[in-house]
Structures are given as structure tokens and as C-alpha cells.
Amino acid sequence: MSWSARQYVAFEDERTRPARDLLAAIPAADVRSAIDIGCGPGNSTELLVERFANATVRGLDSSTDMIEAARKRLPQLQFDIADIDTWSDSGPFDVIFANAVLQWVPDHATLLPALVSKLAPGGSLAIQMPDNLNQPSHRLMREVAADGPWAAKLASAAGQRTEMADAAGYYSMLKSHCSRVDVWRTTYHHPLADGASGVVEWFKGSGLRPFLEPLDEVERAEYLKQYQAAIERAYPALADGSVLLPFPRLFIVATR
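Count the sequence shown with the working numbering and you get residues 10 to 265, in order.
Given below as C-alpha cells:
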């Protein structure tokens, strides 16, 4: 699945806020080595540089477009193209930062302990994942996909997101490997001035991508038309025409 840095950063302030909240929860420590896995266009990597001024900070992402944007944004840093589930660097790292990326990577029960093994003693794995697969925004993606003439093309689209465990599940996955595991869930409410079309534009940079990429231009336009109509019913506009988009996210800080 390809990613567009330009589309993703259309809502950069809103997308960066959870990364700031995650970063603030990492225990204060002498961080010398930090890596941003799934760094995207570098907005979250920039936060690591600000927080850990004396550390060597790196980033990696599977998207060439995202890495090119990150390198332009932070030319002094090393950015590599790699898939997280086959990433072979053993570290050790004082911080592994994974903001809004692991929901695209399978088998968390194997992946998360493997990431912890790359930490130095006292190091932290910091994770934030959208927890919205059952929200109207994502349920409607699946319903429009299943009901249209593109159903066969989109049969596997929903499966590209990993089914997440609950808080207790992630705590159990990590506790035997860590000295401390902190798990919490926050729902952000993002005001989008353009109403339903703003919701569509938001998810065109993330959750909609598996549903749009298999379609041709005509199909894509019709899919988005039907999806936006469904979004208008699910998220009624406020008096000023804007929509308040609820966006739940799961956070984990696991310290080795």
C-alpha cells in the first residue's frame, strides 16, 4: 500500500497532538539513542529531536514518499526505508517510538516483545494506535466497499488493518518482558471546518487508502461520493457547518 506525505500532513497539527501526548509519557531518562519507526513525513521524529536533544535520533518507514519528505524536513538525520515486521536492527535503543503505525503491522503478540528486545535496560517502547475500527468512519468504509460494484476488488481491503487487542491484552503481552507497562485510551474530538468532506479528506490520508488504491478513477470518485453521503448521516454538522470527529486512540509505554 502506498502513502502520500502531502495528503497525510494536510492535518498535521491534529495528527501530531497524540504523538506529543505519547512523548510526554515516556519516563525521563538519559536517552542516547532513539528511533521513530513508521516515522511518516518526520513530524513525530521532529518531536523526538526536541525532547532528546543529546540523543542520536533516526527514523524508518516503508514508504519511499514518506522517507523523502522526512529527509527534506530533517536533513541532518538518518532515515531508512524498512518494514517494521522484518526490521533487523538489534539496537539497543533507549526509545523506540511508534506513533500511529503498528495498526498496519500484523501479529502484535510476536511483534511487541521483539521490539522490547531491541531496548536497552530502562529503555521504553512508546506506542500510539488509532482504535477506531468500530467507529462509524471505518464501519462505513467497509459497508460502502461491500455494497458497490467494486465489492470483489475491495474484498481484502478491510483486512489490511490489524485487529487490536484491548488494554488488558496488550498489558499481558508486555508485562513479562518489562519492568513497567502503562496503557491508556484517549478519545480526541477534532473540529473539521469542512464538515463531512473534511472527514473524508482526513481519512484519505490514512484509513481510506486500502479502499481507494484498487479502484480506477471513476470507481474511486463514486466510492468517495457514497462514503461522504454516509458520513454526512453519521456525523451531523454543527450549527457552523463543522463536524466534531471523535477519534479514539490507544497508548502504551512499556519500559524494559
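Where is the CB? At the ideal position from N, CA and C, for every residue including glycine.
Here the structure is a predicted model, which means the values were calculated and not measured.
Length of the line joining the Cα atoms of residue i and residue j
| i | j | result |
| --- | --- | --- |
| residue 188 | residue 174 | 21 Å |
| residue 225 | residue 159 | 10 Å |
| residue 85 | residue 235 | 44 Å |
| residue 151 | residue 39 | 45 Å |
| residue 267 | residue 118 | Residue 267 is absent from the model: the chain starts at 10 and stops at 265. |
| residue 137 | residue 257 | 10 Å |
| residue 202 | residue 251 | 4 Å |
| residue 74 | residue 253 | 30 Å |
| residue 97 | residue 48 | 17 Å |
| residue 176 | residue 259 | 8 Å |
| residue 35 | residue 193 | 13 Å |
| residue 107 | residue 139 | 12 Å |
| residue 45 | residue 100 | 13 Å |
| residue 221 | residue 237 | 13 Å |
Reference residue i, options the options, closest by Cα
| i | options | result |
| --- | --- | --- |
| residue 148 | 204, 31, 243, 63 | 243 |
| residue 133 | 249, 59, 123, 258 | 123 |
| residue 167 | 183, 137, 141 | 141 |
| residue 157 | 228, 36, 44 | 228 |
| residue 218 | 198, 246, 169, 186 | 169 |
| residue 58 | 43, 183, 223, 70 | 43 |
| residue 90 | 51, 116, 115 | 51 |
| residue 265 | 41, 131, 55, 144 | 131 |
| residue 216 | 180, 154, 186, 204 | 154 |
| residue 282 | 143, 223, 261 | Outside the displayed range of the chain (10 to 265) lies residue 282, so it cannot be described from this structure. |
| residue 241 | 33, 206, 55, 143 | 206 |
| residue 186 | 204, 230, 126 | 126 |
| residue 245 | 204, 213, 232 | 204 |
Check whether residue i and residue j have beta carbons under 8 Å apart
| i | j | result |
| --- | --- | --- |
| residue 104 | residue 62 | no |
| residue 248 | residue 190 | no |
| residue 113 | residue 65 | no |
| residue 79 | residue 68 | yes |
| residue 1 | residue 102 | Nothing in the structure corresponds to residue 1, since the chain is present only between 10 and 265. |
| residue 92 | residue 72 | no |
| residue 197 | residue 26 | yes |
| residue 55 | residue 24 | no |
Simplified DSSP assignment, three categories, for residue i
| i | result |
| --- | --- |
| residue 54 | helix |
| residue 214 | coil |
| residue 199 | strand |
| residue 96 | coil |
| residue 68 | strand |
| residue 46 | strand |
| residue 113 | helix |
| residue 258 | strand |
| residue 29 | helix |
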